[in-house]
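Below: the structure, in structure tokens.
Protein chains: 2
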Amino acid sequence: MSPEEFRRHGYALVDRIADYWTKIGGLPVGHAVAPGEVAAALPADAPESGEAMETILADIDRVVMPGIVHWQHPRFFGYFPSSTSPPSVLADLLCAGLGVQGMLWATSPACTELETVTLDWLARLLGLPEEFTSGSTGGGVIMDAASSATLVAVVAALHRADPGWRDHGVRGRYAVYASAEAHSAINKAVRIAGLGEDAVRSIRTDPRTLAMDAHDLAGRIAADRDAGVVPLMVLVTVGTTSTTAVDPLPAIGPIAAEAGAWLHVDAAYAGVAAVCPEFGWVHDGLEYADSYCTNPHKWLLVGFDCDTFFVRDRLALTGALGVLPEYLRNAATESGDVIDYRDWQIPLGRRFRALKLWFVLRWYGSEGLRAHVRNTVAMAQELASRIAADDRFVIVAPHPFGLVCFRPAALPGEADTAADARAALLLERANASGTMHLTHTKVHGRYTLRLAIGNAATTPDDVAIAWERLTALV
Amino acid sequence: MSPEEFRRHGYALVDRIADYWTKIGGLPVGHAVAPGEVAAALPADAPESGEAMETILADIDRVVMPGIVHWQHPRFFGYFPSSTSPPSVLADLLCAGLGVQGMLWATSPACTELETVTLDWLARLLGLPEEFTSGSTGGGVIMDAASSATLVAVVAALHRADPGWRDHGVRGRYAVYASAEAHSAINKAVRIAGLGEDAVRSIRTDPRTLAMDAHDLAGRIAADRDAGVVPLMVLVTVGTTSTTAVDPLPAIGPIAAEAGAWLHVDAAYAGVAAVCPEFGWVHDGLEYADSYCTNPHKWLLVGFDCDTFFVRDRLALTGALGVLPEYLRNAATESGDVIDYRDWQIPLGRRFRALKLWFVLRWYGSEGLRAHVRNTVAMAQELASRIAADDRFVIVAPHPFGLVCFRPAALPGEADTAADARAALLLERANASGTMHLTHTKVHGRYTLRLAIGNAATTPDDVAIAWERLTALV
Chain A
0 MSPEEFRRHG YALVDRIADY WTKIGGLPVG HAVAPGEVAA ALPADAPESG EAMETILADI
60 DRVVMPGIVH WQHPRFFGYF PSSTSPPSVL ADLLCAGLGV QGMLWATSPA CTELETVTLD
120 WLARLLGLPE EFTSGSTGGG VIMDAASSAT LVAVVAALHR ADPGWRDHGV RGRYAVYASA
180 EAHSAINKAV RIAGLGEDAV RSIRTDPRTL AMDAHDLAGR IAADRDAGVV PLMVLVTVGT
240 TSTTAVDPLP AIGPIAAEAG AWLHVDAAYA GVAAVCPEFG WVHDGLEYAD SYCTNPHKWL
300 LVGFDCDTFF VRDRLALTGA LGVLPEYLRN AATESGDVID YRDWQIPLGR RFRALKLWFV
360 LRWYGSEGLR AHVRNTVAMA QELASRIAAD DRFVIVAPHP FGLVCFRPAA LPGEADTAAD
420 ARAALLLERA NASGTMHLTH TKVHGRYTLR LAIGNAATTP DDVAIAWERL TALV
Chain B
0 MSPEEFRRHG YALVDRIADY WTKIGGLPVG HAVAPGEVAA ALPADAPESG EAMETILADI
60 DRVVMPGIVH WQHPRFFGYF PSSTSPPSVL ADLLCAGLGV QGMLWATSPA CTELETVTLD
120 WLARLLGLPE EFTSGSTGGG VIMDAASSAT LVAVVAALHR ADPGWRDHGV RGRYAVYASA
180 EAHSAINKAV RIAGLGEDAV RSIRTDPRTL AMDAHDLAGR IAADRDAGVV PLMVLVTVGT
240 TSTTAVDPLP AIGPIAAEAG AWLHVDAAYA GVAAVCPEFG WVHDGLEYAD SYCTNPHKWL
300 LVGFDCDTFF VRDRLALTGA LGVLPEYLRN AATESGDVID YRDWQIPLGR RFRALKLWFV
360 LRWYGSEGLR AHVRNTVAMA QELASRIAAD DRFVIVAPHP FGLVCFRPAA LPGEADTAAD
420 ARAALLLERA NASGTMHLTH TKVHGRYTLR LAIGNAATTP DDVAIAWERL TALV
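Chains as they are written, first to last, in numbering that gives the first Met the number 0: chain A, 0 to 473; chain B, 0 to 473.
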């Protein structure tokens, strides 16, 4: 494809995306396909001869579009938002067009240094401790997802606990502490790291806040130490996936420190709220943390994938993950003056993802990002007020950010199982209507609807439309 | 940014990329910055107010471009190629604009099913065993990098060796076998998986071919079994990073099978050569493999990141990596009729990367991809002929694909260390000229220049220009 053809097809694709965003609010939010339906619409083999771009793009309409859930829809309220934005898309286009590899500083210095600088920007914007910036002992790195950050934190903790671990593997008995509401990523991480899920201590949560009970944590650590088990890591969640509960980091921090455990803070969803001073409290106690992550690809208008992982002691990371075969040796690496991000992550290769974070931080500015967070929270609080004022519904968890968890109120004499089935049916009908996309969780074992706000396109009217539909369907 | 503004900026960025590709051949291939220089050109903090896109793009020219190595340059011959192509860039733009999440089938069925189908296409195109396709017991998945594929293979092997591993972690003594020329990813993987690098058995290679010595492998396995060590995995490399050596899979396969070891084939670079029937031999013996990966983002015109990982028994993967918290439960998952790729990989979230593989397979067609591979190989063989015919140089390893490894011939009476220093100086001067970008390796301990061809833009003239410069500088 010549540059001139690329120009023509590129314009057309830019138009297609702009048109998609313009009309997206009028589309049903969910997909319209049964298992196997997309695959059945495709040929069994790759074509022998090349096809025209027009033919390929026609199949986007025919095959792909009916089979996607519109995550950028203003009434996509499922999971957590994964909102991109126009400047982020432009940056991803630039990243693809430049096609550089950032595995080493030497393979494209700007890819590394722009990442270091934008993560320093973000650290200061979020009020992270100075030690998490590159001018101090630590620094930040962009990963694909918070699950990878959790795994890297476990691995760094193992290295710190036993420097011989690199050579002889996991030896001895370790425990990892996380609240019962923590993300399943910790289970996956301990499995991959060779500890096994038995190492996970599921710490009790406060029944009202669903946040970790620091007393239970202290008790479990003490019991493990008595039994000769080493407290390897405490995982604190700032904004759990289920209900956005915030573990009490100021109380947990000293307990982890006293036990010598690595303290990792998973603020994947809620950490970015701290761009607003009124949410600075989400980072109280972060002076105790060894590592921290938050995902600008959730609620800060950067397209997936952009998990930002920060560490207090970068030598713990590079010690755990560093490799230097001959074919990667170079003068810059050996000078010690540069960062080689390959040693901060699981894969070797890396895309120029800093561009999208940089574009978004600059296009919106700090004030634009604060406005986005505040708008989201205002919409969620307005919705929560409506729910609280409606006898047909109950709110089941605190809702300090953009997520509201609720369910239909029990009918007189209704059993829990019947009420849960009615709640599940409500969600199914709401999603089937195409008006919105919600997901669910369980809170104290009870079926709970989650309505998560945060997409760039969402307005108060969208939330009102969803609420009206829910009240009509209940 | 309104859709109309996005349209305007999007056109400008498409133009910028088209212009870049048009003029790239005239740019010096390498970067022009010292450590810290890019960072020093950036402000210390994110801007308070949003900035104009024109301001941001001006900084691309001012700050970013001088700091990148032009990986898409026709005379970028370093590492392995990581060549993107216009259709791949268009697909990445579409991926960014749609902004969907493919962690579950239910979160965008087309993202999952298009991936399954295009990987089946690729499997057939490369002549992989039927068992590696979705209609059989296995299937493929797109990962970021071959390092991640290696780690996932180790984890799946652990699960197969000991189903209790998920719960109690690594127990017992395991060994992993890889040739002395295998990628460092295996060392990183065994470290992360909790086995420790002591578990890696570095198997001797044939001094001429640099391929694994199957007899040495058999001997090491026997010795380990005698010592009560379990042979966990044999890693076979098809196209080593250093010199593109091909381990003798037909000889190794039965040895691994007899030992009950997981057989993983890392064909990251060379596997895609099998789009050409004359390179079908690279997959001889693949009937013994449990898992396999190759990277279309290296030599098949798909932009990074696109590692394709195939497995014979998909239950081994989902058994090792599967998690199902309440907030991810859904009817499609529970029906068992769909693939949820989150259980085939380390992270949870995933981008719609199948689009770029699909676009590339369709735009070029099988014949276009064969032509690309053949052109690459023809250029490399032509270069090798010139080197072989020139007394000032020696070729130091077989060169069946697009990489040629060579060094200056020793001068009469010249010590190895002096000859190595002269070779390193030649590389430094060649790269400093801006005409080309080469990297190095060591072969039998001797400094060796690597010239890897495979970029979409490279022509025989580019190789001739590089060769002339090298002969002038030697």
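The beta-carbon is built from N, C-alpha and C at its ideal position, and this holds for glycine as well.
All of these numbers come straight from a predicted model, not from anything done at the bench.
Open item on the list: Three Cβ pairs or more, each shorter than 8 Å: is that satisfied between the stretch 445-459 of chain A and the stretch 73-89 of chain A?
Closed with: yes
- [ ] Would you mind telling me which residues of chain A sit closer than 7 Å to Trp-120 of chain B, beta carbon to beta carbon, in chain order?
- [x] The answer, in chain order, is Asp-44, Ala-45.
- [ ] Can you say whether Lys-22 of chain B is buried or exposed, counting buried as having 16 or more other CB atoms within 10 angstroms of its CB?
- [x] Lys-22 of chain B counts as exposed, since fewer than 16 other C-beta atoms from the protein chains shown sit within 10 angstroms of its C-beta.
- [ ] Please list, in chain order, all residues of the same chain as Pro-42 of chain B whose beta carbon is under 6 Å from its beta carbon, the five residues on each side excluded.
- [x] none
Task: Same chain, Cβ closer than 8 Å to Gln-344 of chain A, neighbours up to 5 away in sequence not counted - done: If you ignore the 5 residues before and after Gln-344 of chain A, its C-beta comes within less than 8 Å of the C-beta of Val-140, Met-142, Ser-147, Val-151, Leu-320, all in its own chain and listed in chain order.
Open item on the list: According to DSSP, simplified to helix, strand and coil, what is Phe-131 of chain B?
Closed with: In the structure shown, Phe-131 of chain B sits in a helix (DSSP, three-state: H, G or I).
Task: Simplified DSSP assignment, three categories, for His-8 of chain B - done: helix
TODO: Specify the secondary structure class of Leu-121 of chain A as computed by DSSP and reduced to three states.
DONE: helix
- [ ] Compare the Cα-Cα distances from Arg-74 of chain B to each of B:Asp-91, B:Leu-26, B:Leu-103, B:Ala-105 and report the closest residue.
- [x] B:Leu-26
Task: Contact belief for Ser-365 of chain A with Ala-45 of chain B at Cβ below 8 Å, rounded distance in angstroms - done: That pair is a contact at about 6 Å.
Open item on the list: Could you check whether the stretch 350-369 of chain B touches the stretch 411-424 of chain B, counting it as contact only if at least three pairs of C-beta atoms, one from each stretch, sit closer than 8 Å?
Closed with: Segments in contact, no.
Task: Burial state of Pro-411 of chain A (16 or more Cβ within 10 Å) - done: Taking all protein chains shown into account, Pro-411 of chain A has fewer than 16 neighbouring C-beta atoms within 10 Å of its C-beta and is therefore exposed.
Open item on the list: Which complete alpha helix (DSSP H) runs does the stretch 162-245 of chain A hold, if anything under 4 residues is left out?
Closed with: 164-167, 184-191, 213-225
Task: Separation of Ala-51 of chain A from Leu-356 of chain B, as counted between CA atoms - done: 15 Å
Task: Contact set between Pro-346 of chain B and chain A, taken where Cβ atoms lie within less than 7 Å - done: Asp-143, Ala-144, Ser-146, Ser-147
Open item on the list: Just checking: is the beta-carbon of His-8 of chain A within a distance shorter than 7 Å of some beta-carbon in chain E?
Closed with: Of the protein chains in the structure, A and B, none is chain E.
TODO: State whether the stretch 186-195 of chain A contacts the stretch 218-226 of chain A, with contact taken as three or more CB pairs (one from each stretch) at a distance under 8 Å.
DONE: No contact exists between the stretch 186-195 of chain A and the stretch 218-226 of chain A.
- [ ] Quick one: using the 10 Å Cβ neighbour count with 16 as the cut-off for buried, is Glu-114 of chain A buried or exposed?
- [x] buried
Task: Ala-210 of chain B classed as buried or exposed, judged by whether at least 16 other C-beta atoms fall within 10 angstroms - done: buried
TODO: Return the chain-ordered list of same chain residues with a C-beta closer than 7 Å to the C-beta of Ala-429 of chain A, the five sequence neighbours on each side being excluded.
DONE: Met-435, Leu-437, Arg-468, Leu-469, Leu-472
TODO: At 9 Å on the CB atoms, spell out the chain A contacts of Phe-5 of chain B, in chain order.
DONE: Val-13, Ile-16, Ala-17, Trp-20, Pro-85, Pro-86, Val-88, Leu-89
TODO: Classify Tyr-78 of chain A as helix, strand or coil using the three-state DSSP reduction.
DONE: Coil.
TODO: Anything in the stretch 422-452 of chain B with a Cβ closer than 8 Å to a Cβ of chain A? List those residues in chain order, please.
DONE: Thr-438, His-439, Thr-440, Lys-441, Arg-449
Task: Contact set between Ser-135 of chain B and chain A, taken where Cβ atoms lie within less than 7 Å - done: Residues of chain A passing the Cβ test: none, with the nearest at roughly 14 Å.
Task: Own chain partners of Gly-318 of chain B with C-beta closer than 6 Å, once the 5 adjacent residues on each side are dropped - done: His-158
Open item on the list: Between Ala-267 of chain A and Ala-353 of chain A, how many whole angstroms is the CB-CB distance? I'm expecting something under 8 Å.
Closed with: Ala-267 of chain A to Ala-353 of chain A, Cβ: 19 Å. No contact.
TODO: For Ile-452 of chain B, name the three-state secondary structure that DSSP assigns.
DONE: coil
Open item on the list: For Phe-400 of chain A, report the span of its beta strand (DSSP E) as first-last.
Closed with: Segment: none, Phe-400 of chain A is in no beta strand (DSSP E) and carries neither H nor E.
Task: Within 9 Å of chain B by C-beta, residues of the stretch 195-219 of chain A in sequence order - done: Gly-195, Glu-196, Asp-197, Ala-198
Task: Endpoints, the beta strand (DSSP E) within which Ala-293 of chain A is located - done: Note that residue 293 of chain A is Thr in the sequence shown here, rather than Ala. Taken as a continuous stretch (DSSP letters only), the beta strand (DSSP E) holding Thr-293 of chain A covers 290-293.
- [ ] Quick one: grab the DSSP three-state call for Met-52 of chain A.
- [x] helix
TODO: Using a Cβ-Cβ cut-off of 7 Å, state whether Pro-108 of chain B counts as contacting chain A.
DONE: yes
Task: Per-residue burial, Pro-86 of chain A [other beta carbons within 10 Å of its own, 16 or more giving buried] - done: buried
Task: is_contact[Gly-29 of chain B, chain A] using C-beta, thresh 7 Å - done: no
Open item on the list: Here's a check: name, in chain order, each residue in its chain whose Cβ is nearer than 6 Å to the Cβ of Val-475 of chain A, leaving out the five neighbours to either side.
Closed with: Any answer about residue 475 of chain A is impossible in this case: the structure gives chain A only from 0 up to 473.
Open item on the list: Does the contact criterion of 3 or more C-beta pairs under 8 Å hold for the stretch 279-289 of chain B versus the stretch 299-308 of chain B?
Closed with: no
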